[in-house]
Amino acid sequence: MYPYIDGLQPYPFERLNELKAGLAPRTNRPHVALSIGEPKHAPPDFIIEALGREELLRAGLSAYPPTRGGDELRGAIASWIGCRFGVELDPTTDVLPVNGTREALFSFGQAMLSGRAGARVLMPNPFYQIYEGTALLKGAEPYYVPATGVPDFEDVPDAVWQETELVYLCNPGNPSGAVMSEQALVWLVERAHEHDFVIAADECYSEIYHDEDSPPVGLLTAAARAGLGIARCVAFNSLSKRSSLPGLRSGYAAGDPALMARYYDYRTYHGCAMPVHVAAASILAWSDETHVAANRAAYRAKFDAVAPVLARAFELEVPPGGFYFWPETPGDDCEFTRALFERENITVLPGSYLGREQDGVNPGSGRIRIALVAPLKECVEAAERLAAFAQDLG
Numbered sequence: 000m001y002p003y004i005d006g007l008q009p010y011p012f013e014r015l016n017e018l019k020a021g022l023a024p025r026t027n028r029p030h031v032a033l034s035i036g037e038p039k040h041a042p043p044d045f046i047i048e049a050l051g052r053e054e055l056l057r058a059g060l061s062a063y064p065p066t067r068g069g070d071e072l073r074g075a076i077a078s079w080i081g082c083r084f085g086v087e088l089d090p091t092t093d094v095l096p097v098n099g100t101r102e103a104l105f106s107f108g109q110a111m112l113s114g115r116a117g118a119r120v121l122m123p124n125p126f127y128q129i130y131e132g133t134a135l136l137k138g139a140e141p142y143y144v145p146a147t148g149v150p151d152f153e154d155v156p157d158a159v160w161q162e163t164e165l166v167y168l169c170n171p172g173n174p175s176g177a178v179m180s181e182q183a184l185v186w187l188v189e190r191a192h193e194h195d196f197v198i199a200a201d202e203c204y205s206e207i208y209h210d211e212d213s214p215p216v217g218l219l220t221a222a223a224r225a226g227l228g229i230a231r232c233v234a235f236n237s238l239s240k241r242s243s244l245p246g247l248r249s250g251y252a253a254g255d256p257a258l259m260a261r262y263y264d265y266r267t268y269h270g271c272a273m274p275v276h277v278a279a280a281s282i283l284a285w286s287d288e289t290h291v292a293a294n295r296a297a298y299r300a301k302f303d304a305v306a307p308v309l310a311r312a313f314e315l316e317v318p319p320g321g322f323y324f325w326p327e328t329p330g331d332d333c334e335f336t337r338a339l340f341e342r343e344n345i346t347v348l349p350g351s352y353l354g355r356e357q358d359g360v361n362p363g364s365g366r367i368r369i370a371l372v373a374p375l376k377e378c379v380e381a382a383e384r385l386a387a388f389a390q391d392l393g
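Counting along the sequence shown from 1, when you hit position 97 you're at 96 in numbering that gives the first Met the number 0, and nothing is skipped either side.
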């Protein structure tokens, strides 16, 4: 039996279901799920139309797709990265399409980690659970970097850096929405060169930002502009958040060609090539920015409408990126979540479920994650009920 499976932690939503088990909401008001980061905006019409084309489906379903992806898809991704991040990549060697960043972030870790005893994988804390999972299943030791906002990488001891093989970062952050500065990214790349580790940048929230004049800087951008090149750096992004296409399962890994070559070798055995018809729809999505701007505007409208309502009961600011609020709770976050569901039929996610205790502290404790993925009217109504509930708690 594989020895590392038993070390995996329960997934946050498993724990959330257990927390709510046996509860019956004491209200007839409709349930509002603010817990999961699943975009609910309508998918672009041109994507739906493309996926419905008979000739595209016949082509996609009657052929094994190439692991490396087609030239046109890799070209579209490289072109988008060039326009958005100002980094010129070779689509032949620097880009791989992936079936959403979840599988890619996990499989990349499996391909990069040595299996050496004592190897470290750094990740922000709280974090996306896939980072921890790939470390544990490779026998590596997760090291949790406190990140109620931007992760404190500069406080990591030198002894830990010396054992580090892989660093995961999420920018903008999940759940905080905090954005790492270009200077912070450059500092991290310099450490990667000094200590010979790899950086995997989860940038799936990069296109959800509040200020149209200040899009988040990407890892590859920061490294290239600092004259460091893109060695040891790989960025991941997807169409799930950017284009409201979580069910399409389409994204990319891009960066250091030497790392990408190793990752490609792994993927030929991993068996996760993108279907041809999904690739064709993805080309269209990566080639259009109009729907992305509209998507961003819809999130901005929800933040603008919900923030003053929640401010009656919580201290909060609109985050620069992502689509979450990350407020502190009056009292225990799990008890708050359970009572909120029971009284108001609203589900949020306890912050402690997204973090791990290190040195006696879980940075997620005493907070909740509120995902503004529902329609505007539903988000505002839920915010009214949530704020009233929190105010009643005093």
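The beta-carbon is built from N, C-alpha and C at its ideal position, and this holds for glycine as well.
- In terms of Cα proximity to residue 226, the closest of 358, 181 and 326 is 181.
- Taking a contact as a CB-CB distance under 8 Å, the pair residue 84 and residue 217 counts as one, their CB atoms being some 4 Å apart.
- Its Cα nearest to that of residue 145, the residue 155 stands out among 155, 139 and 136.
- At least 8 Å separates the beta-carbon of residue 248 from that of residue 124.
- When DSSP reads this structure, residue 124 sits in a beta bridge with 145.
- Judged by DSSP in its simplified three-state form, residue 346 adopts strand.
- Within the same chain, Cβ atoms closer than 7 Å to the Cβ of residue 220 are found at 84, 85 and 86, the five residues on either side in sequence being excluded.
- For residue 320, the pairing in a beta bridge is given by DSSP as 208.
- As DSSP reads the structure, residue 253 sits in a beta bridge with 94 and 234.
- Where residue 199 is concerned, there is no enclosing alpha helix (DSSP H), although the beta strand (DSSP E) around it starts and stops at 197 to 201.
- About 38 Å separates the beta carbons of residue 32 and residue 267, which is beyond the 8 Å limit, so they are not a contact pair.
- Cβ-Cβ distances below 8 Å link residue 23 to 341 in the same chain, with the five nearest sequence neighbours on each side left out; the list follows chain order.
- Unbroken beta strand (DSSP E) stretches of 3 residues or longer found wholly inside the stretch 155 to 204: 163 to 169 and 197 to 201, given in chain order.
- Cβ-Cβ separation between residue 198 and residue 232: approximately 5 Å, consistent with a contact (criterion under 8 Å).
- Cβ atoms of residue 321 and residue 176 come within 8 Å of each other, at about 4 Å.
- By the neighbour-count criterion, in which a residue is buried when 16 or more other Cβ atoms sit within 10 angstroms of its Cβ, residue 133 is buried.
- Going by DSSP, residue 367 is part of the beta strand (DSSP E) stretching over 367 to 370.
- Shown here, residue 110 sits in a helix according to DSSP, grouped into three states.
- Three or more beta-carbon pairs separated by less than 8 Å are not found between the stretch 53 to 71 and the stretch 297 to 310, which leaves the two stretches without contact.
- Less than 8 Å separates the beta-carbon of residue 363 from that of residue 354.
- DSSP, read as helix, strand or coil, puts residue 277 in helix.
- Taking the Cβ atoms as the reference, residue 284 lies roughly 7 Å from residue 43, within the contact range of under 8 Å.
- Straight through space, the alpha carbons of residue 164 and residue 195 are spaced by roughly 7 Å.
- Sequence-distant partners of residue 311 (beyond 5 residues in either direction) whose C-beta falls short of 6 Å from its own C-beta, in its chain, are 386.
- Residue 251 places its beta carbon 8 Å or farther from that of residue 14.
- Taking all protein chains in view, the Cβ of residue 117 is surrounded by fewer than 16 other Cβ atoms within 10 Å, so the residue is classified as exposed.
- For a cut-off of 8 Å, the C-beta gap from residue 282 to residue 77 is around 12 Å, too long to register as a contact.
- Residue burial is scored here from C-beta neighbours: residue 279 has at least 16 other C-beta atoms within 10 angstroms and is therefore classed as buried.
- The Cβ atoms of residue 205 and residue 236 sit closer than 8 Å to each other.
- Residue 326 places its beta carbon less than 8 Å from that of residue 367.
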